[in-house]
Amino acid sequence: MNLVRPSRPVAARVVSNELCMQGKSASFVKHLVIDVGDTPLAGAVLPGQSFGVIPPGRDADSKPHKVRLYSSASPSWGEDGVACHLATTPKRLIDEYRPRPDDDPDDHRLFLGVCSNYLCDLKPGDRINVSGPNGRRFLLPEDPAAHDYLFLATGTGIAPFRGMLLELLESPRGPCRSRIDLVMGSPYTTDLLYDDLFRDLSARHPNFRYHTAISREPEGRGRYVADCLRAAHDHFGALLAGGRTRMYRCGVIGMQTDVFRLLGELGLAAGYLRLSDRLLGAPPTQWSDADLARHAKPTERCRLELY
Ligand code: FAD
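Residues in the sequence shown are numbered consecutively from 77, following our numbering.
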């Protein structure tokens with residue numbers, strides 16, 4: 077953790093920066109590979125950890141921009157087996173400006189996130205200031221073969237699972253034979269990230285199953301990650317009921333509450349959540365987002381990375 081502080085970042089070089097969606101899409105997500113050279117970050121970032129990026133320039137208060145975190149998408153031996161190469165999955169933050177209470181309510185200019193757009197614009201050879209590694213909880217267990225896994229991703233929340241799946245299935249020491257399921261949620265098929273890689277891994281490793289939950293296309297409308305679990309509850313219920321299963325959830329904040337309610341409905345919440353009496357006294361279908369945020373604490377077997 078924090079081998080390189082954001083106040084004293086090290087310089088990395090961009091190796092490649094390619095779009096990584098399935099085709100034409102309203103979101104722009106890149107697979108960015110950087111070379112951290114012989115800095116302390118080389119070989120030091122584990123899947124599930126993130127690293128910091130300090131964008132150049134200054135903010136509206138003329139202060140240097142603050143560090144932003146990006147999940148490593150690489151296994152521990154580095155991207156493509158090169159220990160000093162590190163990948164991540166930046167998504168451009170592009171939106172219409174959302175006025176704050178003191179702003180002009182008719183201010184509808186384009187809002188561009190500083191660091192995500194900086195990263196997506198980078199070209200091979202460009203220099204970038206980085207720090208890290210960050211994160212000590214969203215990690216694979218020390219003995220990966222002693223556990224089964226359910227990975228739940230939305231959007232760029234897939235990044236750590238790319239690294240973890242490569243770590244588990246493509247290790248030079250041989251593949252992990254544990255049961256591993258990945259559910260990837262996205263609005264459209266074209267927004268699926270690293271889809272080819274996951275299909276290839278599932279074709280080559282019978283213990284790995286890859287599922288997609290596409291929410292805005294006609295045949296799957298309204299189908300989110302929790303709906304995918306619910307629809308195949310025999311399959312996922314058996315996985316979740318196993319005492320050695322770990323559940324990891326990464327992506328936008330909020331969507332985990334549907335999964336928590338489903339755990340309650342299946343009678344499996346106890347393994348993954350510590351619930352207050354308030355929640356234990358109510359049927360899971362009535363657990364509100366606010367109650368879950370306050371009164372449900374993840375156990376060792378439930379790891380969350382939400383942003
Ligand atoms: P900023 O310039 O910082 O803008 C974001 C800020 O603007 C927020 O405060 C938000 O409330 C506000 N804002 C947003 N939209 C609007 C709007 N329309 N109008 C007005 N204000 C608005 N991101 C990835 O893309 N890939 C990753 O792998 C990844 N991994 C992460 C891992 C961790 C552990 C964490 C904590 C975050 C991760 N992120 C990742 C998110 C990333 O750190 C940045 O938050 C994200 O890229 C946006 O940064 P930015 O500089 O582009 O936006």
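Glycine is no exception: its CB is placed at the ideal position from the N, C-alpha and C atoms.
| Query | Result |
| --- | --- |
| For the region 202 to 261, list the beta strand (DSSP E) runs that are entirely contained and at least 3 residues long, ordered along the chain. | 203 to 210 and 224 to 230 |
| Given a threshold of 16 other Cβ atoms within 10 Å of its Cβ, counted over all protein chains shown, does Ile329 qualify as buried or as exposed? | exposed |
| Put Gln50 into one of helix, strand or coil per three-state DSSP. | Residue 50 falls outside the range modelled here, since the chain spans only 77 to 383, and no answer is possible. |
| With H, G and I counted as helix, E and B as strand and the rest as coil, what does DSSP make of Gly319? | coil |
| In whole angstroms, what is the alpha-carbon distance linking Arg319 and Tyr225? | Looking at the sequence itself, residue 319 is Gly, so the reference to Arg does not match. In a straight line, the C-alpha of Gly319 is about 11 Å away from that of Tyr225. |
| Cβ atoms of Leu245 and Pro251: under 8 Å apart, would you say? | yes |
| Going by DSSP, which residues form a beta bridge with Ser291? | Partner(s): none; Ser291 has no beta bridge. |
| What are the boundary residues of the beta strand (DSSP E) that Arg350 is part of? | Leu349 to Leu351 |
| Taking the continuous alpha helix (DSSP H) assigned at Arg370, which residues delimit it? | Asp365 to His371 |
| Answer with buried or exposed for Ser61, where buried requires no fewer than 16 other C-beta atoms within 10 angstroms of its C-beta. | The chain is shown from 77 up to 383; residue 61 falls before or after that span and cannot be answered. |
| From Val129 to Pro359, what distance separates their C-alpha atoms? | 43 Å |
| Among Arg134, Arg325 and Cys304, which residue has its Cα nearest to the Cα of Pro374? | Arg325 |
| Ordered along the chain, which non-local residues of its own chain (more than five positions away) have a Cβ less than 7 Å from that of Ala222? | Arg320 |
| Could you tell me whether the region 202 to 213 touches the region 108 to 128, where touching means 3 or more Cβ pairs closer than 8 Å? | yes |
| If you measure between the beta carbons of Leu277 and Leu241, is that distance less than 8 Å? | yes |
| Please determine, among Ser364, Arg377 and Tyr270, the residue with the shortest C-alpha to C-alpha distance to Ala346. | Arg377 |
| Per DSSP, which residues does Asn93 bridge with? Please list them. | Leu108 |
| In angstroms, rounded to a whole number, what distance separates the CA positions of Arg176 and Ile256? | 43 Å |
| Pick from Lys142, Arg89, Gly313 and Gln98: whose alpha carbon is nearest that of Arg81? | Lys142 |
| Thr266 and Ser101 - do their beta-carbons sit closer together than 8 Å? | yes |
| Alpha carbon to alpha carbon, how far is Gly298 from Val158? Give it in angstroms, no decimals. | 41 Å |
| Hey, quick one: how far does the alpha helix (DSSP H) through Val301 stretch, first residue to last? | Val301 to Ala307 |
| What do you reckon, is the C-beta of Ser126 under 7 Å from a heavy atom of ligand 1? | yes |
| Answer yes or no: the CB of Arg144 versus the heavy atoms of ligand 1, is any distance below 7 Å? | yes |
| Ligand 1 and Thr165: does any heavy atom of the ligand fall closer than 7 Å to the residue's C-beta? | yes |
| Buried or exposed, going by whether 16 or more other CB atoms sit within 10 Å of the CB of Ala203? | Correcting the residue type first, residue 203 is Arg in the shown sequence and not Ala. With fewer than 16 Cβ atoms within 10 Å of its Cβ, Arg203 is classed as exposed. |
| Distance check for Asp183 and Asp156, CA to CA, integer angstroms please. | 45 Å |
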